[in-house]
Amino acid sequence: MDRITGHTELLTLMAYPIRHSSSPAMHNEALSYLGLDYAYLCFEVDQDNLPQAIESMRALKVRGGNISMPNKIAVMQYLDRLTPEAELCGAVNTIINDDGVLTGHITDGIGYIRGLRDHGFDIKGKKMTIVGAGGAAKAIQVQAALAGVREMSIFNIHDKYWPRVRETTALLNERLGCPTKLYGLEDLDALKREIWDSDLLANATEVGMTPQKAWTYIPDVSYFKPGMLVTDVIYAPPQTLFLKMAQEAGCETMNGFPMMLFQGAEAFRLWTGRDMPIAHMKEFLKI
Ligand code: NAD
55 MDRITGHTEL LTLMAYPIRH SSSPAMHNEA LSYLGLDYAY LCFEVDQDNL
105 PQAIESMRAL KVRGGNISMP NKIAVMQYLD RLTPEAELCG AVNTIINDDG
155 VLTGHITDGI GYIRGLRDHG FDIKGKKMTI VGAGGAAKAI QVQAALAGVR
205 EMSIFNIHDK YWPRVRETTA LLNERLGCPT KLYGLEDLDA LKREIWDSDL
255 LANATEVGMT PQKAWTYIPD VSYFKPGMLV TDVIYAPPQT LFLKMAQEAG
305 CETMNGFPMM LFQGAEAFRL WTGRDMPIAH MKEFLKI
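Numbering of the sequence shown is given in the numbering used here, commencing with residue 55 and proceeding in unit increments.
The following block contains the structure:
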C-alpha cells in the first residue's frame, strides 16, 4: 500500500451487504495500473445511515462512488442532480462529486450495451426479448431503447415487480418511443414465439444465481433460436443453466461479466477522466 499518500483521493462503495463485492479489486487494480492517486473502499451503508453517509461525501470531499443494494433508489433524494438515464431508471449506481455538487448516474445499462458492442453485437435496429423487471432489467431496457433497439418483448412472473414493469413498459412505449410488449412468464407459447422472432435474448432476473443455479424458466433447448445472442446478467456462476442450454442450442452467449466490467469502466471514467484499461482488466478478472 505504498501508493497511499496524504493526497490520495477516496472513492466509495456504499451498500449492505457488501463485503463480497469484486468492485474494490477491479477499481484498485485499474487505478494502480494507470498510476492514479485514488483508493476505492467499501462501506457498509443501509438506508438508516445513508443520509449521513452521503453528506459525509461532501464534508470529506470524496471524489465519487458506487451505490448498490439496498440504496440505489433511496439515494436519489440526497443528491443535487440526476442524469436523464438515472431519472428514467429511477435509480443511481454511481455518484460524482464536483466541488460539493453530487450528481447521480446509472451505468448498469450502459455497461450492458458496451458489453454487447465488445462482443461484436450492435443493438440498433434489433429485436430483443428480455426476462426481468427489477433494477438490472430496467437499466438494460431503458438503455436499449436509448441505443435504438427496434422492438422489445418483456416477460416476468406476476410478483411484486409486476406493477413496476407495467410502468416501465408504458415509459418505453410512450416516452422513449420503443415498441414494447409485456407478457407473463407463464405464457410459454408467447415466450417461444418472441424468442424466435428476436435477435437477442436476455436474462435479467436473479434466476440461475447460486443457490438457484440448477434452475431456469426456459423449459427446453427448442426455445432458443440457433445463432441468436443470448445474455445473462449473472456472472456467478460464470455459466448459468440458461446459458448452457443456449450454447447447446447453437446460440452465441455472453455472461454478466462484461456488464459488470463496463458499468465499472463507465463509473471509472466519470471519476478519473481516464478510460479503464479494458484488455488488462479482462486478464485480471479472467473474463
Ligand atoms: P431485483 O431484485 O431488482 O429483480 C429481481 C428479478 O428477478 C425480478 O424481475 C423478479 O421478478 C425476478 N425473479 C425472482 N425470482 C424469480 C423466479 N423464481 N422466477 C422468475 N423470475 C424471478 O434484482 P436486480 O438488482 O435486478 O438483480 C437481478 C440479477 O442481476 C442479480 O442476479 C444481480 O446479481 C444481477 N446484476 C448483475 C449486474 C452485472 O453487472 N452483471 C448488475 C446488476 C445486477
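Glycine residues also receive a C-beta, built at the ideal position from the N, C-alpha and C atoms.
Given residue i as reference, the closest of the options once Cα atoms are compared
| i | options | result |
| --- | --- | --- |
| Thr62 | Leu136, Lys115, Met68, Gly327 | Lys115 |
| Asp37 | Arg117, Thr59, Thr259, Asn210 | With the chain covering 55 to 341 only, the question about residue 37 has no answer from this structure. |
| Cys96 | Arg73, Val287, Arg323, Ile208 | Arg73 |
| Thr148 | Ala140, Glu337, Pro138, His159 | His159 |
| Leu200 | Ala300, Ser207, Ile177 | Ile177 |
| Asp134 | Glu221, Ile150, Met68, Leu239 | Ile150 |
| Val203 | Leu254, Gln101, Met68 | Leu254 |
| Val185 | Val287, Gln197, Thr161 | Val287 |
| Met111 | Val155, Lys279, Glu83, Leu85 | Val155 |
Residue i: first and last residue of the uninterrupted beta strand (DSSP E) it sits in
| i | result |
| --- | --- |
| Thr234 | 234–238 |
| Phe97 | 92–98 |
Ligand 1 heavy atom lying under 6 Å from the CB of residue i
| i | result |
| --- | --- |
| Glu260 | yes |
| Asp213 | yes |
| Val287 | yes |
| Asp162 | yes |
| Ala303 | no |
| Gly188 | yes |
| Gly310 | yes |
| Asn210 | yes |
| Met263 | yes |
Neighbour-count burial assignment, residue i, 16 or more Cβ in a 10 Å radius
| i | result |
| --- | --- |
| Thr307 | buried |
| Trp325 | buried |
| Ala321 | buried |
| Met123 | exposed |
| Tyr166 | buried |
| Gln101 | exposed |
| Glu228 | exposed |
Range covered by the alpha helix (DSSP H) that runs through residue i
| i | result |
| --- | --- |
| Met111 | 104–113 |
| Ser122 | That residue, Ser122, is in no alpha helix (DSSP H); it is neither H nor E in DSSP. |
| Thr326 | 311–326 |
| Ile249 | 242–250 |
Proximity test, residue i beta-carbon vs ligand 2 heavy atom, cut-off 6 Å
| i | result |
| --- | --- |
| Met314 | Ligands displayed in this structure: ligand 1; ligand 2 is not among them. |
Within-7 Å CB hit, residue i to chain B
| i | result |
| --- | --- |
| Met282 | The chain inventory of the structure shown lacks chain B, comprising one protein chain alone. |
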